[in-house]
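Trainee: As given, the protein sequences belong to chains A and B, one line each in that order. Residues 17 to 357 in the numbering used here are what the first sequence lists, from first letter to last. Residues 17 to 357 in the numbering used here are what the second sequence lists, from first letter to last. Dropping the structure in here first, questions after.
There are 2 protein chains.
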Amino acid sequence: MQKKRNITLKELAKALELSISTVSRALNNHPDISEPTKEKVQKLAEKHNYVPNLFASGFRSHRTHILGVIVPNISHYFTSTILKGILEKAENSGYRVIISESKNDEKKQSEMLQTMMQFGVDGILMALSRRTKSIDDILKIVNRIPLVMFDKVSGKIPCTQVVINEEEAAYNAIEHLINIGKRRIAIIKETEGSFNSEKRFEGYLRALREHDLPIDEKIILSTEDISLSKGRMMANVLLSLKKRPDAIFAITDSAAIGVIKALNKFKVNIPDEIAVVGFSNSVNSTIISPSLSTVDQPGHQIGRTAVKYLIEEIENPKEDLVTRTIEIKTNLIVRDSSFKV
Amino acid sequence: MQKKRNITLKELAKALELSISTVSRALNNHPDISEPTKEKVQKLAEKHNYVPNLFASGFRSHRTHILGVIVPNISHYFTSTILKGILEKAENSGYRVIISESKNDEKKQSEMLQTMMQFGVDGILMALSRRTKSIDDILKIVNRIPLVMFDKVSGKIPCTQVVINEEEAAYNAIEHLINIGKRRIAIIKETEGSFNSEKRFEGYLRALREHDLPIDEKIILSTEDISLSKGRMMANVLLSLKKRPDAIFAITDSAAIGVIKALNKFKVNIPDEIAVVGFSNSVNSTIISPSLSTVDQPGHQIGRTAVKYLIEEIENPKEDLVTRTIEIKTNLIVRDSSFKV
DNA sequence: CTGAAAGCGCTTACAG
DNA sequence: CTGAAAGCGCTTACAG
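As structure tokens, then:
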């Protein structure tokens, strides 16, 4: 099929017996152009459904108005709410967004960065893939175009980082458990110390310390990839202890849900015998029974904020690279799994 | 900060005392160029971290290698699995993907189409937003660049459409309920006849008819926006009937989960008293208790397939526009909510 | 095997 | 108020 090409400035100019420059200016509402000319041009442009070729103008002006986004997994619910925020803010600011999945694969992540550069994106937003060992490729990027990181970040990369108050959020969750009378609180975290897992663990430790509760290695469990089935397994481990915990804090909702499933199976009363708190406020937390207390992470706001800072850096380039951390506040949502013991 | 610009062909040419043409050819592995020259060029390019400016080359060749994707809601789980498939297949085929949300807003959808055109995407993938009244804007697009629709489609748009076997899937679900001994099967569908809702309803009707079961308007419920809370409400309505149904088929998982929640609340035994079947196989369907029987929609495959056809049309332009429907098979997943009565 | 030159569609400093 | 011309970075038909 002979796809109709978009009409160009040149063709409009010819039809109007004007120069390309004049047509271009008329369309951009340049003050130099007379009203009658503007009208004439704009009318014809409309009639022919003229759409400027952004590739040409972007190419000319060294600006593409495209932002690149790299996330580990697009179908992770929390990630998708961040993306929502990113899309919304970007579109409202006149930017378009190219999204890529790194699939938690470091090599893939580097490739993505590379192609994003090739496409001449104006800036990059990214969440680190799990187990990113080498940040060399990222450091190279940082020197070339603005980069803003979110969620999974690294303090070693000099750029703006938008994160939640991980440590404090965990602290509040543990304090809540203490307030409802719990004294022996287990934690399920990640083996490999990711930024997020470590911060949450720190919050856990601080809460226990500040409330003069003992820290017991036996109820500090770590797992490689934290998931529903791992949560279930860890719960079984905890149930088999001589001194069972009276609360379990899992650093992700899916693990917490696994915990609840295991407790339900063994008819352990939640929250009386063992309370459970998760992290994320994913949809599932209201589906499971009893409903899960969890930390609400405002993904939408994280996305919007990250875009805001990125565009700021694109439009006002700074002299030096600095690590700047923006913390987004979270809320603990108390549901049945930890409600008044 | 003085961001380092990418090095250009011109600069490479100058450094090597070669012409731009030669450098370009060497980099593209053109057979005309001698081995020593190629090596020399490629070595220097690598050293300077040369990345071709795809904007320039795309602009030159009228091809951007960017696909536009428009979906109603990115954080809908099923959608995100489709996007996963789209991203994967596109990237493997050398295309990048721009994603936009229409938010089920028709005006937004038209705007998105417009900007996608401006960005010179090579083709568009889209799922219709709910309640799209006018398809004029879409018909205009179809004449200009390849368009492939998926999931929420319209028979009125002449293009390739990738959908699941909606009617058959619903038929199979109902037949399964009949096979486990159910005779009075209710359905919860949408008021405004979306393509998907209508097809599923047709499957429901055909199954009842072919098994000589009566069709009773009282247990055919419709709701505006089908959601968990609406599912709950509809279940309450059904429970209040003199002649209760012995099974409920909800055309979405979220509604089905609402149904289960309501039944649990009234201590109705699932599936003995009332069996429940949903549609989508969302994560939630394994979290709810009892676990939900549901139709698995292979989102990943839908996404991959849609991209496959789109690229085919981009690379081999056809003379005429035809409506072509590709059906992806689904599987009924039987879980506790409808297991052996 | 290599180079000079045109051109993709647009913007903008310069000239009048 | 309008136009001619350069140039963004690349590819490619043409020439040698």
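Ideal Cβ placement from N, Cα and C applies to all residues, glycine included.
Can you find a CB in chain B that lies within less than 7 Å of the CB of A72 (chain A)?
Mentor: As a first step, residue 72 (chain A) must be located in the first sequence, where it is residue number 56. Chain B contact via Cβ: present.
Trainee: Return the CA-CA distance between V39 (chain A) and A29 (chain A), expressed in angstroms with no decimal places.
Mentor: Position 23 of the first sequence, counted from the first residue, corresponds to residue 39 (chain A). Position 13 of the first sequence, counted from the first residue, corresponds to residue 29 (chain A). When rounded, the distance between both Cα atoms is 6 Å.
Trainee: Near E359 (chain B), which residues of its chain fall below 6 Å by C-beta distance, leaving aside the five closest residues on each side in sequence?
Mentor: What the structure shows of chain B is the stretch from 17 to 357, and residue 359 (chain B) is not part of that stretch, so it cannot be assessed.
Trainee: Residues of chain B with a CB under 8 Å from the CB of N297 (chain A): which are they?
Mentor: By one-based count along the first sequence, residue 297 (chain A) stands at place 281. Near N297 (chain A) there are no residues of chain B at all, since even the closest Cβ is about 13 Å away, more than 8 Å.
Trainee: Would you call the CB atoms of A322 (chain B) and F71 (chain B) closer than 7 Å?
Mentor: Position 306 of the second sequence, counted from the first residue, corresponds to residue 322 (chain B). Position 55 of the second sequence, counted from the first residue, corresponds to residue 71 (chain B). No. Outside cutoff.
Trainee: Which residues in chain B have a C-beta closer than 7 Å to the C-beta of S359 (chain A)? List them in chain order.
Mentor: Residue coverage of chain A in this structure runs from 17 to 357, which leaves residue 359 (chain A) outside it and unanswerable.
Trainee: In the DSSP assignment, the beta strand (DSSP E) including K258 (chain A) goes from what residue to what residue?
Mentor: For the purposes of this step, residue 258 (chain A) is identified with residue 242 of the first sequence, where counting begins at 1. It is not in any beta strand (DSSP E) - K258 (chain A) carries neither H nor E in the DSSP assignment.
Trainee: Would you call L301 (chain A) buried or exposed, if buried means 16 or more other Cβ atoms sit within 10 Å of its Cβ?
Mentor: As a working note, residue 301 (chain A) is residue 285 in the first sequence. The residue asked about is misnamed: residue 301 (chain A) is Ser in this sequence, not Leu. By the neighbour-count rule (16 or more Cβ atoms within 10 Å), S301 (chain A) is buried.
Trainee: For chain B, is any of its Cβ atoms less than 7 Å away from the one on L103 (chain A)?
Mentor: Taking the first residue of the first sequence as 1, we reach residue 103 (chain A) at position 87. Answer yes: the Cβ-Cβ gap between L103 (chain A) and chain B drops below 7 Å somewhere.
Trainee: By the 9 Å beta-carbon criterion, what residues does the stretch 131–144 of chain A contribute toward chain B?
Mentor: From the stretch 131–144 of chain A, only T131, M132, M133, Q134, F135 and G136 have a Cβ closer than 9 Å to chain B.
Trainee: Using a C-beta to C-beta distance shorter than 7 Å, which residues of chain A count as neighbours of N300 (chain B)?
Mentor: Counting from 1 along the second sequence, the entry for residue 300 (chain B) is found at position 284. Ordered by position in chain A, the residues that pass the 7 Å Cβ test against N300 (chain B) are V299, N300 and I303.
Trainee: I'd like the ranges of any beta strand (DSSP E) spanning at least 3 consecutive residues and lying wholly in the stretch 244–300 of chain A.
Mentor: Runs of the beta strand (DSSP E) inside the stretch 244–300 of chain A: 263–266 and 291–296.
Trainee: Name the two residues that bound the continuous beta strand (DSSP E) containing S309 (chain B).
Mentor: What you label residue 309 (chain B) is simply residue 293 of the second sequence in a count that begins at 1. Per DSSP, S309 (chain B) belongs to the beta strand (DSSP E) from S309 to D312.
Trainee: In this structure, how does DSSP classify V67 (chain A) when only helix, strand and coil are distinguished?
Mentor: Indexing the first sequence from 1 puts residue 67 (chain A) at position 51. Reduced to three states, the DSSP call for V67 (chain A) is coil.
Trainee: So, with DSSP's three-state summary, where would you put F166 (chain A)?
Mentor: The residue labelled residue 166 (chain A) in the question sits at position 150 within the first sequence. F166 (chain A): strand per DSSP, three-state reduction.
Trainee: Please return the same chain residues whose Cβ sits closer than 7 Å to the Cβ of L213 (chain B), not counting the five positions on each side in sequence.
Mentor: As a position in the second sequence, residue 213 (chain B) is number 197, starting the count at 1. Residue identity check: residue 213 (chain B) is Ser in the sequence provided, not Leu. So the qualifying residues of the chain are K205, E206 and I267.
Trainee: Quick check on V67 (chain B) - is its C-beta less than 7 Å from some C-beta in chain A?
Mentor: Numbered from its first residue, the second sequence carries residue 67 (chain B) at position 51. True, the Cβ-Cβ gap to chain A drops below 7 Å.
Trainee: From which residue to which residue does the alpha helix (DSSP H) around R216 (chain A) run?
Mentor: Within the first sequence, the letter at position 200 stands for residue 216 (chain A). F211 to E226 is the extent of the alpha helix (DSSP H) around R216 (chain A).
Trainee: On the DSSP bridge assignment, give the partners of G139 (chain B) in chain order.
Mentor: Here residue 139 (chain B) refers to the residue found at position 123 of the second sequence. DSSP lists B:L83 as partners of G139 (chain B).
Trainee: Do the stretch 57–73 of chain B and the stretch 83–96 of chain B touch if we need at least three Cβ pairs shorter than 8 Å?
Mentor: With the cut-off at 8 Å, the stretch 57–73 of chain B and the stretch 83–96 of chain B do not touch.
Trainee: For a contact meaning CB atoms closer than 7 Å, what does V358 (chain A) contact in chain B?
Mentor: Past the boundaries of the shown model lies residue 358 (chain A); chain A is included only from 17 to 357, so the question cannot be answered.
Trainee: D153 (chain A) to K356 (chain B), Cα distance in whole Å?
Mentor: Here residue 153 (chain A) refers to the residue found at position 137 of the first sequence. Here residue 356 (chain B) refers to the residue found at position 340 of the second sequence. For D153 (chain A) and K356 (chain B), the distance between alpha carbons rounds to 56 Å.
Trainee: If I follow the unbroken alpha helix (DSSP H) through K124 (chain B), where does it start and stop?
Mentor: To locate residue 124 (chain B), count along the second sequence from 1; it is residue 108. Run containing K124 (chain B): E122 to Q134, per the alpha helix (DSSP H) assignment.
Trainee: Quick one: what does DSSP say K334 (chain B) is sitting in, helix, strand or coil?
Mentor: Here residue 334 (chain B) refers to the residue found at position 318 when the second sequence is read from its first residue. DSSP places K334 (chain B) in coil when its eight states are reduced to three.
Trainee: Going along chain A, which residues have a C-beta under 8 Å from F282 (chain B)?
Mentor: As a working note, residue 282 (chain B) is residue 266 in the second sequence. Correct list: empty, because the minimum Cβ distance to chain A is about 15 Å.
Trainee: Using only the alpha-carbon positions, how far apart do I304 (chain A) and A272 (chain A) sit?
Mentor: In the first sequence, residue 304 (chain A) corresponds to position 288, counting from 1. In the first sequence, residue 272 (chain A) corresponds to position 256, counting from 1. Roughly 10 Å separates the two Cα atoms.
Trainee: So which residues of chain A does T80 (chain B) contact, with C-beta pairs closer than 7 Å?
Mentor: Reading the second sequence from its first residue, position 64 is the one you call residue 80 (chain B). Going along chain A in sequence order, the residues near T80 (chain B) (Cβ under 7 Å) are F71.
Trainee: Chain A partners of F75 (chain B), CB-CB under 9 Å?
Mentor: Here residue 75 (chain B) refers to the residue found at position 59 of the second sequence. Near F75 (chain B) (Cβ distances below 9 Å), the residues of chain A are N69, F71, A72, G74 and F75.
Trainee: Please say whether P287 (chain A) and S353 (chain A) have beta carbons closer to each other than 7 Å?
Mentor: Taking the first residue of the first sequence as position 1, residue 353 (chain A) is located at position 337. Taking the first residue of the first sequence as position 1, residue 287 (chain A) is located at position 271. Result yes, Cβ atoms of S353 (chain A) and P287 (chain A) sit closer than 7 Å.
Trainee: Following the continuous alpha helix (DSSP H) through N6 (chain B), name the residue where it begins and the one where it ends.
Mentor: With chain B running from 17 to 357 in the structure shown, residue 6 (chain B) is simply not present.
Trainee: Between B:D138, B:G74 and B:I49, which lies nearest to E328 (chain B) when the distance is taken from Cα to Cα?
Mentor: Here the question's residue 328 (chain B) lines up with position 312 in the second sequence. Taking only the C-alpha atoms, the option nearest E328 (chain B) is B:D138.
Trainee: Chain A partners of I273 (chain B), CB-CB under 7 Å?
Mentor: Residue numbering aside, residue 273 (chain B) sits at position 257 when the second sequence is read from its first letter. Near I273 (chain B) (Cβ distances below 7 Å), the residues of chain A are I303.
Trainee: Quick check: the Cα distance between V85 (chain A) and I114 (chain B), rounded to an integer number of angstroms?
Mentor: Translated into the one-based positions of the first sequence, residue 85 (chain A) becomes position 69. Translated into the one-based positions of the second sequence, residue 114 (chain B) becomes position 98. In a straight line, the C-alpha of V85 (chain A) is about 10 Å away from that of I114 (chain B).
Trainee: Looking only at its own chain, which residues have a Cβ that is under 6 Å from the Cβ of V350 (chain A), when we skip the five neighbours before and after it?
Mentor: The sequence position of residue 350 (chain A) within the first sequence is 334, counting from 1. Result list for V350 (chain A): S309, in chain order.
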